[in-house]
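Scroll down for the structure; my scribbles are underneath it.
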Amino acid sequence: CGPNEYFERCTHKCPPEKTCETRKIGIVCPAVETPCIGKCICNEGYYRKTPGGECISEEECVLHQQPMS
């Protein structure tokens, strides 16, 4: 795993890991769980910069999302 993330032995597809774009969106998952898989998860307070990308802090997300001037 990369910086600001850890390996979780059993995760499910839902809810999906939060990205900078989706960090404030609530997601309702179906009652039926998918089989679990092991993968790297962002630490608390960190979000994927892009799906499958590096884990960055919320402050970095805000900077990343600001339009370039």
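Read in order, the letters of the sequence shown correspond to residues 1 to 69 in full-length UniProt numbering. Note that CB positions come from ideal geometry on N, CA and C, so glycine has one too. A quick note: this is a predicted structure, and the numbers were derived from the prediction, not measured.
{"query": "Residues bridged to LYS13 [DSSP beta-bridge criterion]", "result": "Paired residue(s): none; LYS13 is not in a bridge."}
{"query": "Neighbourhood of CYS1 by C-beta distance below 7 Å, restricted to the same chain and skipping five residues each side", "result": "PHE7, CYS40"}
{"query": "Short Cβ contact (8 Å threshold) for THR11 with PRO51", "result": "no"}
{"query": "Neighbour-count burial assignment, ARG9, 16 or more Cβ in a 10 Å radius", "result": "exposed"}
{"query": "Reference PRO26, options GLU54, CYS61, HIS64, CYS14, closest by Cα", "result": "Reading the sequence as shown, one finds Gly at residue 26 and not Pro. The shortest C-alpha separation from GLY26 is found at CYS14."}
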